[in-house]
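Visitor: Sharing a structure below in structure tokens format, with a few things to ask.
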């Protein structure tokens, strides 16, 4: 009997390890809870979602994702400055700190403090993995048909 192959719309449970092209690990689920997601949904980067299509429970795969397949290019226009007093009283932004804020379309975005100056704070709305090729080792643990 052949195992069911994963297709778009299926819910899958996977373990994965993500590394940069130099081999340095940036994230892994192997020592914790597996990732559960719907294949083809907006909740997961396209290249990762596409990589599991055609796989079956128990299979393992290693993939390298291009910048486009991962988090997209680093965009300079996603970096901007705000006045320090734009932050609520008692909040003192520190380098690397992440905040949620609303954009002009009313959508919540995450921004990272990139620079701290006396009167201005530079914020970066790029994903911290934007502009990078990424490697993933993926193991399929379970599949629920969509």
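Numbering (the numbering used here), first residue to last: 4 to 149.
Glycine included, every Cβ here is placed at the ideal spot set by N, Cα and C.
Restricting to runs no shorter than 4 residues, where is the alpha helix (DSSP H) found entirely within the stretch 89-127?
Guide: You should have found no qualifying run.
Visitor: Could I get the ranges of all uninterrupted beta strand (DSSP E) runs contained in the stretch 6-78, with 3 residues as the minimum, in chain order?
Guide: Runs found: 14-23, 28-31, 38-41 and 63-68.
Visitor: Shortest alpha-carbon distance to residue 41 belongs to which of 29, 54 and 87?
Guide: The shortest Cα separation from residue 41 among 29, 54 and 87 belongs to 54.
Visitor: Is it buried or exposed for residue 127, if we count other Cβ within 10 angstroms and need 16 for buried?
Guide: Flag for residue 127 reads buried.
Visitor: Per DSSP, what kind of secondary structure is residue 80 in: helix, strand or coil?
Guide: Three-state result, residue 80: helix.
Visitor: Just to confirm, are residue 73 and residue 132 a CB contact at a threshold of 9 Å?
Guide: Result yes, Cβ atoms of residue 73 and residue 132 sit closer than 9 Å.
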